[in-house]
Amino acid sequence: MAPRVLISDKLSDAAVQIFKDRGIDVDFQPDLGKDKDKLAEVIGQYDGLAIRSATKVTEKILEAAPNLKVIGRAGIGVDNVDRDAASKKGVIVMNTPFGNMITTAEHAIAMMFAVARQIPEASASTHAGKWEKSKFMGVELTGKTLGVIGAGNIGGIVCDRARGLKMKVVAYDPFLSKEKAEKMGVEKVELDALLSRADFITLHVPLTDQTRNILSRENLEKTKKGVRIINCARGGLVDEQALADLLTSGQVAGAAFDVFAEEPAKENPLFNLPNVVCTPHLGAATTEAQENVALQVAEQMSNYLLTGAVENALNMPSVTAEEAKVMGPWIKLSDHLGSFIGQMTDEPIKAINILYDGSVAQMNLAALNCSVIAGIMKRANPDVNMVSAPVIAEERGIKISTTNQHKSGAFDGYIKVTVVTAERERSIAGTVFSDGKPRFIQIKGINIDAEIGEHMLYTTNEDVPGIIGTLGMTMGENGVNIANFTLGRSAAKGEAIALLYVDDVVPAKVIAKLEGTGMFQQVKPLQFDVA
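Quick note: the sequence shown uses my numbering, first residue -6, plus one each step.
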């Protein structure tokens, strides 16, 4: 029997035809996604679900879908899909991460022109029968400095277009190497330097704990007087009330926003202010972009349902069905190793070196490499997946090297990951024991035996008395429960490390107290996806 796919949102006719041409039984109901009860009633009949943003794939929908194998999102964002619930149900969630990059970048450039020349206001004035030439005095882009926050896929395209406009481009991106910046023809700077120098600032980063309110009131006050700010990335990157205040005071000359902290945006501090251009999240809204993502999702879903090939999956590695049983625990281990180093590394990464020893060296190393790289990149970009991670690493000038060797130690097989930055090298190794659980076996050359917990605290210190007591007392006094801990040291009175397993995220005040004791070289809270 042919696989059945339901399209519950508006998708192009060409995408529907791809399913038909590939022998998929496709049911095109573009308005069904808006009716969650009706969707829950019929979803059990289908193997695949193709959606855009209108359909909300909740845990309830997934519970009603015993035959569902894959959800394909035509676009990047999957906030409308309960990924955790999908993973537990064994349902693959795919997206199309590269289909609308150019469109979003072009919208940012268009918004920059619009705010530079006050085009929307001038248009409204002229439509009203006024002729206010002197009122709408604009500025040229040529020769101005553009500050780009986030020089990844979309930000990189904006940099290229801005250079074509004869603008000087400065970029802030902790993961952009100096060599890559030089190739792009941009100057890599710290955030404070960008704020003080830029005539225009455009944001192109995902919304994470690190980037939320990256343009806070404090940072906005550091900007060059008369700056114009463009946000076509994510709502929540800018303190909108602070920006409104600074627009009113004249510190900021204009702003152009396509995204808002709350959407749909019915009310906002930026609305109705002079020289503020607002659009309703149109970054990906072009005929070409919507066609691209629709065609891509149809191809990806067809490939999976007919051949088992996995592309752009957000919750499953790109491995064959035959490999999955053997490689599953190793895929999880490689992700944990990458996640550990990603959470530990704040400076730009120059190289990632991965060593496979023993039995694991005979596996699908390409998939394992992707899992390691994705684990490292997730801290900066939560939307990264095993397919897009190597592309992002290449774009950022990160060199990836792989070594595989015969069994050389006590373990049947292990993986060692080393990250190289301009300041240091950082390494971690792990293996999978016979119980199928991943373990950390070495950190910074110090041997340990540590399972991976959802919430952990990592510390480094000189091997002296009192460390365990200080950790226990500080945690206890602040209501943090230690479930278990693992210790390791290079030698007596040498360098030592500790991994604490705790029940929840360790509060920042506890970290500060531990650092304030002067006993630790490093105190770092860690989180891992152990589902």
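Beta carbons: idealized from backbone N, C-alpha and C, even for Gly.
Source: prediction; values computed, not measured.
Suppose contacts are defined by Cβ-Cβ distances below 7 Å. Is Leu55 in contact with Ala33 by that definition? no
Output the boundary residues of the beta strand (DSSP E) element that contains Gln234. Looking at the DSSP string, Gln234 is not in any beta strand (DSSP E); the run it does join, the alpha helix (DSSP H), is 233 to 242.
From the DSSP secondary-structure annotation, give me the bridge partner or partners of Gln435. Ala422, Asn440
Return helix, strand or coil for Ala248, following the three-state DSSP convention. strand
Environment of Gly178 [buried if 16+ CB atoms lie within 10 Å]: exposed
Exposed or buried, Glu304, counting other C-beta atoms within 10 Å across all chains shown (16 or more means buried)? buried
With a CB to CB cut of under 8 Å and the five nearest residues on each side skipped, what residues in its chain are close to Thr241? Leu266
For the beta strand (DSSP E) holding Pro518, just list the boundary residues, first then last. 513 to 520
As assigned by DSSP and simplified to three states, the class of Ser381: helix
What number of angstroms, rounded off, separates the C-alpha of Lys171 from the C-alpha of Ile385? 15 Å
With a 10 Å radius around its C-beta and 16 neighbouring C-beta atoms as the bar for buried, classify Met466 as buried or exposed. exposed
Spatial distance of Ala484 from Ser420 (CA atoms): 18 Å
Member of Leu361, Ala186, Met94, Val50 whose CA lies at the smallest distance from the CA of Gly538: Summary: the structure shown does not reach residue 538, with the chain confined to residues -6 through 524, and so no result is reported for it.
Quickly, what does DSSP pair Ile194 with across the bridge? List them, please. Gly140, Ile222
Is Ile393 helix, strand or coil when you go by DSSP? strand
DSSP on Glu260, reduced to helix/strand/coil? coil
Whole runs of the alpha helix (DSSP H) within the stretch 294 to 345, excluding any shorter than 4 residues: 314 to 337
CB-CB under 7 Å to Leu263, same chain, minus the five flanking residues each way: which ones, in chain order? Glu233, Leu236, Ala237, Ala248, Phe250, Val269, Cys271
Three-state secondary structure (DSSP) at His120? helix
Tell me which residues share the same chain as Leu298 and place their Cβ nearer than 8 Å to its Cβ, disregarding the 5 neighbours each side in the sequence. Pro(-4), Val(-2), Ile17, Asp40, Gly41, Lys62, Val63
Output yes or no for whether 7 Å exceeds the beta carbon distance between Glu508 and Glu416. no
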